[in-house]
Amino acid sequence: MFGRRGKKKDTARAARAREADRVIGPSAEDTSASAPPEPAKEADRHRSLGPWDASEDAPELQRLDLGSLRVPVVPGTSIQVNSARGGRHIGVTLHNQRTALQIQPFSAPKSSGVWEEMREELRTQVTTQGGKVEDFDGTFGPELRAVIPVAGKKDDQGRQLGERVRYIGVDGPRWVLFGVIRGEGAVKPEAMAGVEELFQKIVVVRGETPMPPRELLPIVVPPEAMPKNQAGQNGAAGQGAGAPEAAGTGEPGGAAAPEREN
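The UniProt record's numbering puts the sequence shown at residues 1 to 262.
Quick look at the structure:
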């Protein structure tokens, strides 16, 4: 008897619950609309706050257009365009107080994964130079932290001195943005956060031109941004924010980005 009464009560409760669901329950459309969008690929979660692709809605702020790169113009930060022999622009360095961030944009296949390949090659370069390197899970995902031997510098006991460097990278839509951090941004937490914020504000313009993987994207300096006395200058000193300088070798961190030979 108790069993029969309990079954009827349970059946009645279930019916009322189903009715309530029909009245106030969320529809399938509502559930899907409220669910957060999944990243297109795993790597995208590491750049949810930047760096940005030109097709994305990057936060509005003043940026210097350098062709494949749109670099944030920030008070107290100078912009230096690094050039190789022959005048080819091979990178951009942002100097902020005692920190330097060099950036280089490269082409990548749709399948991405270029940054992983580059890390492997950077490890080999650093150890071949006699340096030390370790993996670290940073703001932008996997990065390398290294100590690079400084040529000609030893301590009082004759031991080789080294410079601490961070290698960071982010895979984007058909591009990879590589960064080398040196100075306080490689060792002090507060400076690390500041340089990472600079990196996040960068916009990469891949373009539609077909390119082999890991080819350096073109860096173009607009004539109006070139300092009048650029010829013969070799440093970023005195260059205000937004005034790039084509100078230097573009290798501020020791090992340079492994660029694929054509």
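The beta carbon of each residue, even a glycine, is placed where N, CA and C say it ideally should be.
Worksheet item: What are the start and end residues of the beta strand (DSSP E) that includes V165?
Response: Your numbering for residue 165 matches position 165 in the sequence shown. Where V165 is concerned, the enclosing beta strand (DSSP E) stretches over 160–172.
Worksheet item: Which partner residues of D137 appear in the DSSP bridge assignment?
Response: On the sequence shown, position 137 is the one that residue 137 refers to. P142, per the DSSP bridge assignment.
Discussion item. Quick check: V176 and F106, are their CB atoms within less than 8 Å of each other?
Written reply: Position 176 of the sequence shown, counted from the first residue, corresponds to residue 176. Position 106 of the sequence shown, counted from the first residue, corresponds to residue 106. Going by C-beta atoms, V176 is nearer than 8 Å to F106.
Practice prompt. Give me the Cα-Cα distance between Q54 and R164, rounded to the nearest whole angstrom.
Written response: Position 54 of the sequence shown, counting from 1, holds the residue named residue 54. Position 164 of the sequence shown, counting from 1, holds the residue named residue 164. In the sequence on display, residue 54 carries Ala and not Gln. About 32 Å.
Fill in: T209 - DSSP class collapsed to helix/strand/coil
Locating residue 209 in the sequence shown gives position 209, where the first residue counts as 1. Reduced to three states, the DSSP call for T209 is coil.
Worksheet item: T209: which of V170, V203, P218, I168 sits nearest, CA to CA?
Response: For the purposes of this step, residue 209 is identified with residue 209 of the sequence shown, where counting begins at 1. Checked all of V170, V203, P218, I168; the closest Cα to T209 is P218.
Discussion item. Taking the beta carbon of K201 as the centre, do at least 16 other beta carbons fall within 10 Å, making it buried, or is it exposed?
Written reply: What you label residue 201 is simply residue 201 of the sequence shown in a count that begins at 1. So K201 counts as buried.
Fill in: Supposed close pair F199, P51 - CB separation, criterion 8 Å
Taking the sequence shown and counting its residues from 1, the one referred to as residue 199 is at position 199. Taking the sequence shown and counting its residues from 1, the one referred to as residue 51 is at position 51. That pair is a contact at about 6 Å.
Worksheet item: Between the C-alpha atoms of G194 and G152, what's the straight-line distance to the nearest angstrom?
Response: Position 194 of the sequence shown, counted from the first residue, corresponds to residue 194. Position 152 of the sequence shown, counted from the first residue, corresponds to residue 152. Taking the straight line from one Cα to the other gives about 31 Å.
Item to complete: With DSSP as the reference, label residue 298 as helix, strand or coil.
Response: This structure cannot speak to residue 298, because the chain is shown only from 1 to 262.
Fill in: Presumed contact (8 Å Cβ cut-off) between Q160 and P149, rounded CB distance
Within the sequence shown, the letter at position 160 stands for residue 160. Within the sequence shown, the letter at position 149 stands for residue 149. Right, the Cβ-Cβ distance comes to about 5 Å (below 8 Å), so this counts as a contact.
Worksheet item: Mapping DSSP to helix, strand and coil, what is R123?
Response: In the sequence shown, counting from the first residue as 1, residue 123 sits at position 123. In this structure, R123 counts as helix in the three-state DSSP scheme.
Discussion item. Considering only heavy atoms of the ligand MN, does any lie closer than 7 Å to the CB of E134?
Written reply: Annotation note on the ligand MN: not contained in the displayed structure, which lists no ligands.
Fill in: 6 Å CB neighbourhood of A100 in its chain, flanking five on each side removed
Position 100 of the sequence shown, counted from the start, is the residue given in the question as residue 100. Result list for A100: T93, R182, G183, P252, in chain order.
Worksheet item: Straight-line CA distance for V180 to I168?
Response: Within the sequence shown, numbered from 1, the residue matching residue 180 stands at position 180. Within the sequence shown, numbered from 1, the residue matching residue 168 stands at position 168. Spanning the two alpha carbons is a distance of roughly 6 Å.
Worksheet entry | Member of F140, P109, E196, L122 whose CA lies at the smallest distance from the CA of E215 | Taking the first residue of the sequence shown as 1, we reach residue 215 at position 215. When each option's Cα is compared against that of E215, the closest is P109.
Discussion item. Do V204 and L69 count as a contact pair if the criterion is CB distance below 8 Å?
Written reply: Residue numbering aside, residue 69 sits at position 69 when the sequence shown is read from its first letter. Residue numbering aside, residue 204 sits at position 204 when the sequence shown is read from its first letter. Contact: yes.
Discussion item. What does the alpha-carbon distance come out to for the pair P189 and R166?
Written reply: Along the sequence shown, one-based indexing puts residue 189 at 189. Along the sequence shown, one-based indexing puts residue 166 at 166. So the alpha carbons of these two residues sit roughly 13 Å apart.
Worksheet entry | Of the residues R47, S48, L64, E56, the one placed nearest E224, counting alpha carbons only | Your numbering for residue 224 matches position 224 in the sequence shown. Ranking the options by Cα distance to E224, first place goes to L64.
Item to complete: May I have the straight-line CA-CA distance separating F136 from R119, to the nearest angstrom?
Response: Here the question's residue 136 lines up with position 136 in the sequence shown. Here the question's residue 119 lines up with position 119 in the sequence shown. Going by the C-alpha atoms only, they are around 11 Å apart.
Worksheet item: Helix, strand or coil: how does DSSP classify A100 here?
Response: In the sequence shown, counting from the first residue as 1, residue 100 sits at position 100. Strand, per DSSP.
Practice prompt. Alpha carbon to alpha carbon, how far is G87 from L144? Give it in angstroms, no decimals.
Written response: The residue you call residue 144 lines up with position 144 of the sequence shown. The residue you call residue 87 lines up with position 87 of the sequence shown. Going by the C-alpha atoms only, they are around 30 Å apart.
Discussion item. Please return the same chain residues whose Cβ sits closer than 6 Å to the Cβ of G141, not counting the five positions on each side in sequence.
Written reply: Against the sequence shown, residue 141 aligns to sequence position 141. Around G141: H46.
Discussion item. Could you check whether V114 and R123 sit closer than 8 Å to each other, using their CB atoms as the reference points?
Written reply: Stepping through the sequence shown from its first residue, residue 123 is reached at position 123. Stepping through the sequence shown from its first residue, residue 114 is reached at position 114. Result no, Cβ atoms of R123 and V114 do not sit closer than 8 Å.
Worksheet entry | Which of helix, strand or coil DSSP assigns to Q80 | For the purposes of this step, residue 80 is taken as residue 80 along the sequence shown, with counting starting at 1. In the structure shown, Q80 sits in a strand (DSSP, three-state: E or B).
Worksheet item: In terms of alpha-carbon separation, which member of M192, A186, E196, R174 lies closest to M211?
Response: For the purposes of this step, residue 211 is taken as the residue at position 211 of the sequence shown. Comparing Cα positions, the closest option is R174.
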